[in-house]
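*Asks:* These protein sequence lines are chains A and B, in that order. Heads up: the first sequence is residues -3 to 153, going by this note's numbering. Heads up: the second sequence is residues -3 to 153, going by this note's numbering. Pasting in a structure now, in structure tokens, and then I'll have a few things to ask.
Number of protein chains: 2
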Amino acid sequence: MSDEDPLEHAELTFLLGMAFQLTLTEFVRRVEAEGYGDLRPVHGFAFQVLRHGGATSTELAARLGVTKQAAGQIVAYLEERGYVRRVEHAGGGRRRLVVLTDRAHEHLAVAGRTMHGLERQIGEELGEEGLASLRGQLAELVRGLSGPELPPLRPVW
Amino acid sequence: MSDEDPLEHAELTFLLGMAFQLTLTEFVRRVEAEGYGDLRPVHGFAFQVLRHGGATSTELAARLGVTKQAAGQIVAYLEERGYVRRVEHAGGGRRRLVVLTDRAHEHLAVAGRTMHGLERQIGEELGEEGLASLRGQLAELVRGLSGPELPPLRPVW
DNA sequence: CAACCTGAGTAAAGTTGCTTGACTCGTCTG
DNA sequence: CAGACGAGTCAAGCAACTTTACTCAGGTTG
């Protein structure tokens, strides 16, 4: 351990923050380069929630950890740009089911490939076992700090 | 690896995000419980920048990765609450040196103890070697994705 | 079966934490 | 001494939310 390396002495929380910020920023940069400059990370999370069968905007709100008004705004933004449609909901009432369009599914495919490529690149650097053990320890840390239910991933400060 | 565990199959970026959010949230919760509900994470980072000899607000801005106007607002907020003082700057000009008060140094001591306790608790869960290897891999990941200079830690989305 | 309650969705205004643009004021330089 | 430079400030704008206050569709109950 070199005394000059600030990373070795950094707080764990700081290391986690740096690692998350760098990977997410790199991911966003690559996805933007593919022509999706109109999507922010929260839209990717919304796509993950909606990808299998859709959801109402109130359900989306709960999963994203925001108010239903905020979710409504996100849906309106995505609808304007052709990423989602609002269709009738089998449950009736005022409910509307928000579903992904083909364009959103294309984005999911691109984002998936990008994420995969980034992870493979990190794997080359850490080695296969290094990456696997990193994933395992992160998972254990998350399990220890959260309850049985995973909390929604929110902006961090 | 259980097939039911969503964490084992999660993207690395997602794992990092969850781990960071959970540790930071827990840290903030504990520090707030010590009576520092008026401080956000960015103030802690500002304290780290200012802790040894202070800085001008323009220097602070560069270190936090925000505009000098934003840094000025942060300094004004901290000054109102008695965490920093603006003193004369040896360099002259319009420069003012922002320095921490005793109250801020007390907070740094509390935050340091809290951070240490949280890391020790995580260490119990992962084991000594687990924690050390997690730290090592995170440091390597950060080194790989950033240049020689570490970027400022910013809100993540 | 009418009155009520609930839950989804919307509308409007307020809040926060920044940014951009446009300055003022000391000092240094040619 | 004119002008440039850099620190700091003032004001307005903006994004992504929140809070408050509704409307509307449908089940529930006395």
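Glycine included, each C-beta is placed from N, C-alpha and C at the ideal position. Here the structure is a predicted model, which means the values were calculated and not measured.
(1) Using only the alpha-carbon positions, how far apart do Val83/A and Leu93/A sit?
(2) Return the first residue and the last residue of the alpha helix (DSSP H) that Leu56/A is part of.
(3) From the DSSP output, in three-state form, read off Arg82/A for me.
(4) Against chain B, which members of the stretch 15 to 33 of chain A pass a CB distance test of less than 9 Å?
(5) What's the C-alpha gap between Gly140/A and Gly132/A?
(6) Using a Cβ-Cβ cut-off of 8 Å, state whether Gln65/A counts as contacting chain B.
(7) With respect to the alpha helix (DSSP H) encompassing Arg92/B, which residues constitute its N-terminal and C-terminal limits?
(8) Would a check of beta-carbon distances place Pro144/B closer than 8 Å to chain A?
(9) Say whether chain B places a C-beta atom closer than 8 Å to the C-beta of Ala57/A.
(10) What is the DSSP secondary structure of Leu146/B, reduced to helix, strand or coil?
(11) Out of curiosity, what's the CA-to-CA distance linking Gly81/A and Gln65/A?
(12) Out of Gly31/A, Leu114/A and His85/A, point me to the one whose CA is closest to Thr54/A's CA.
(13) Can you tell me whether Gly13/A is buried or exposed? The criterion is at least 16 other CB atoms within 10 Å of its CB, across all chains shown.
(14) Use the C-beta contact count for Thr52/B: other C-beta atoms within 10 angstroms, 16 or more gives buried, fewer gives exposed.
(15) For the alpha helix (DSSP H) holding His5/A, just list the boundary residues, first then last.
(16) Less than 8 Å separating the beta-carbons of Phe41/B and Leu60/B?
(17) Around the Cβ of Ala128/B, are there at least 16 other Cβ atoms within 10 angstroms (buried) or fewer (exposed)?
(18) So which residues of chain A does Leu104/B contact, with C-beta pairs closer than 8 Å?
(19) Examine chain B for any beta-carbon lying closer than 8 Å to the beta-carbon of Gly61/A, and answer yes or no.
(20) Scan the stretch 107 to 132 of chain B for residues whose Cβ lies nearer than 7 Å to a Cβ of chain A and list them as they occur along the chain.
*Replies:* Taking the coordinates as given:
(1) Taking the straight line joining both Cα atoms gives about 5 Å.
(2) Start and end: Ser53 to Leu60.
(3) Of the three classes helix, strand and coil, the one that applies to Arg82/A here is strand, per DSSP.
(4) Considering only beta carbons, the part of the stretch 15 to 33 of chain A lying closer than 9 Å to chain B consists of Ala15, Phe16, Gln17, Leu18, Thr19, Leu20, Thr21, Glu22, Phe23 and Val24, in chain order.
(5) If I take the Cα positions, the gap works out to 12 Å.
(6) Output row for Gln65/A: interface = no.
(7) It is not in any alpha helix (DSSP H) - Arg92/B instead sits in the beta strand (DSSP E) that spans Arg92 to Leu96.
(8) Not closer than 8 Å to any Cβ of chain A, the Cβ of Pro144/B fails to qualify, so no.
(9) Under the 8 Å criterion on CB atoms, Ala57/A is classed as non-interfacial with respect to chain B.
(10) Leu146/B: coil per DSSP, three-state reduction.
(11) Inspection of the sequence shows that residue 81/A is occupied by Arg rather than by Gly. Arg81/A and Gln65/A have their C-alpha atoms spaced approximately 17 Å apart.
(12) If we check each option's Cα against that of Thr54/A, His85/A comes out closest.
(13) Label assigned to Gly13/A: buried.
(14) The residue in question, Thr52/B, is buried, as its Cβ has 16 or more Cβ neighbours within 10 Å.
(15) Looking at the DSSP string, the run of the alpha helix (DSSP H) that includes His5/A is Pro2 to His5.
(16) Pairing Phe41/B with Leu60/B gives a Cβ-Cβ distance under 8 Å.
(17) So Ala128/B ends up on the exposed side.
(18) Per Cβ cutoff of 8 Å: no residues; Leu104/B is ~13 Å from chain A at best.
(19) Chain B, which has no Cβ nearer than 8 Å to the Cβ of Gly61/A, makes this no.
(20) Contacts with chain A (Cβ-Cβ distance below 7 Å) from the stretch 107 to 132 of chain B involve Met111, Glu115, Ile118, Glu121, Leu122, Gly126, Ser129, Leu130 and Arg131, listed in chain order.
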